[in-house]
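Colleague:
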Amino acid sequence: MRFIFIVCTFLISPPFLSQVGINTPSPDPSAALDIVAKASDKGLLIPRVPLQNITDITTVPNPAVSLLVYNTTSNAGITKGYYYWDGSKWLRFNDSSKIFYGNADPTIPTTNSTGDIYVNNSTGTLFVYNGSNWISQMSGTEILSVKIIAADGQTEFPTPWSISTSNTKVYRNGVNVDFQVLSSFNIKLETGVSCYANDEIKIYKFL
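Numbering (the working numbering), first residue to last: 30 to 236.
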C-alpha cells in the first residue's frame, strides 16, 4: 500500500506544482504565482537593495533577466525606485510622475525630485522643482519634447530646436541629469554620465 501511495503521489504532483497560490486554493490559470492578501491593507514587499549604478552586479550577483528590486540609494545615474535587470543593466520603471498636472499651484510632497515638472491646468503656469521648492517659470508655457534612443557610450545629443540651459530639461531613463550646451542644437550630458545601448533620453524645451 505504501508503494502504491508513493507512486500515486508522484503521478499527481506535477499539475499541482505548475501553479502556486498563497492564501488561495485556486490560483489564476494565467499566473505561476497568485497571492491573495488576508486583509485589504496588505501588499507585496519587493526586496530592497542599495544599487550603486545601473550596471551593478556586485550588490546583486548574477541577476536574472527580469529580476525586480527596489533601489534604496541615489547615485550617479540612478535614483530610488523600482528597477528590473534587462540582461546588461538595471532599468527603472518609467512612470509619468516626473511631470505633474493639477488645477492649482503645486504643494511640496516628500516624493519630489529635482527637475520634476508641474503644470497648473487652470492658469497654464509651469513650475520646476529645484530640490526644495517649486519655481514658477511663466504663464502659458508650452513644452516641446523629443525622445532619443542612445547608443552605447553616447554622451552628446542633437536637438530639433535651438536650446539653452535656462529653458531645457534632460532626462535619462526617467532621471533628470545636468548637461552643457555645445551649440544651439547640441547638448552633452554632465561629466561622468554616459549612456548604455537603448537608454532613453528625453529632452524638454519650455517656450
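Using N, Cα and C, we set each Cβ at its ideal position, and we do this for glycine too. Nothing here was measured: the structure is a model prediction, and the numbers come from that model.
Quick check on DSSP: helix, strand or coil for Ile75?
Modeller: The three-state secondary structure of Ile75, taken from DSSP, is coil.
Colleague: Go through its chain and collect everything with a Cβ distance to Ile232's Cβ below 6 Å, but skip five positions before and after it.
Modeller: The answer, listed in chain order, is Val175, Thr188 and Val199.
Colleague: If we cut at 8 Å on Cβ distances, does Arg201 have a partner in chain D?
Modeller: The question asks about chain D, but that chain is absent: this structure has only one protein chain.
Colleague: In the DSSP assignment, what residue or residues form a beta bridge with Glu219?
Modeller: According to DSSP, residue pairing for Glu219 in a beta bridge does not occur.
Colleague: Quick one: grab the DSSP three-state call for Val175.
Modeller: strand
Colleague: Distance, Cα to Cα, Val98 vs Leu80?
Modeller: Rounded to the nearest angstrom, the two C-alpha atoms are 9 Å apart.
Colleague: DSSP three-state call for Val89: helix, strand or coil?
Modeller: coil
Colleague: By DSSP, does Gly169 sit in helix, in strand, or in coil?
Modeller: For Gly169, the pLDDT reaches just 48, beneath the cut-off of 50, and the residue's location in the model is therefore unreliable, although a value from the coordinates is still provided. Coil.
Colleague: Which value, in whole angstroms, describes the spacing of the CA atoms of Thr84 and Leu74?
Modeller: 23 Å
Colleague: Starting from Gln209, trace the beta strand (DSSP E) both ways and give me its first and last residue.
Modeller: Counted as a single uninterrupted DSSP element, the beta strand (DSSP E) harbouring Gln209 occupies residues Phe208 to Ser212.
Colleague: Give me the Cα-Cα distance between Ile86 and Glu219, rounded to the nearest whole angstrom.
Modeller: 24 Å
Colleague: Whose C-alpha, out of Asp207, Asn82 and Ala226, is nearest the C-alpha of Ala245?
Modeller: Outside the shown range of the chain (30 to 236) lies residue 245, about which nothing can therefore be said.
Colleague: Taking the C-alpha atoms as reference points, what is the distance between Val157 and Ile164?
Modeller: 5 Å
Colleague: Here's a check: name, in chain order, each residue in its chain whose Cβ is nearer than 6 Å to the Cβ of Asn132, leaving out the five neighbours to either side.
Modeller: Asn150 and Ser151
Colleague: Determine the DSSP secondary structure at Ser125, reduced to helix, strand or coil.
Modeller: Reliability of the predicted coordinates at Ser125 is poor, the pLDDT of 47 falling under 50, and the value obtained from them is presented with this limitation in mind. In the structure shown, Ser125 sits in a helix (DSSP, three-state: H, G or I).
Colleague: Suppose you measure from the CA of Leu211 to the CA of Val65; what does that come to, to the nearest Å?
Modeller: Taking the straight line joining both Cα atoms gives about 54 Å.
Colleague: So, at 7 Å on beta carbons, what are the nonlocal neighbours of Leu62 in its own chain, with the 5 sequence-adjacent residues on each side left out?
Modeller: Correct list, in chain order: Val49.
Colleague: Return the residue from the list Ile128, Thr154 and Asp134 that minimises the CA-CA distance to Thr143.
Modeller: Checking every option, the nearest Cα to that of Thr143 belongs to Ile128.
Colleague: Grouping DSSP H, G and I as helix and E and B as strand, with all else coil, what is Pro10?
Modeller: Given that the chain is displayed from residue 30 to residue 236, the structure contains no residue 10 and the question cannot be resolved.
Colleague: Note the first and the last residue of the continuous beta strand (DSSP E) segment covering Lys118.
Modeller: Premise fails: Lys118 is in no beta strand (DSSP E) and is neither H nor E.
Colleague: Is the distance from the Cβ of Tyr113 to the Cβ of Leu96 below 8 Å?
Modeller: yes
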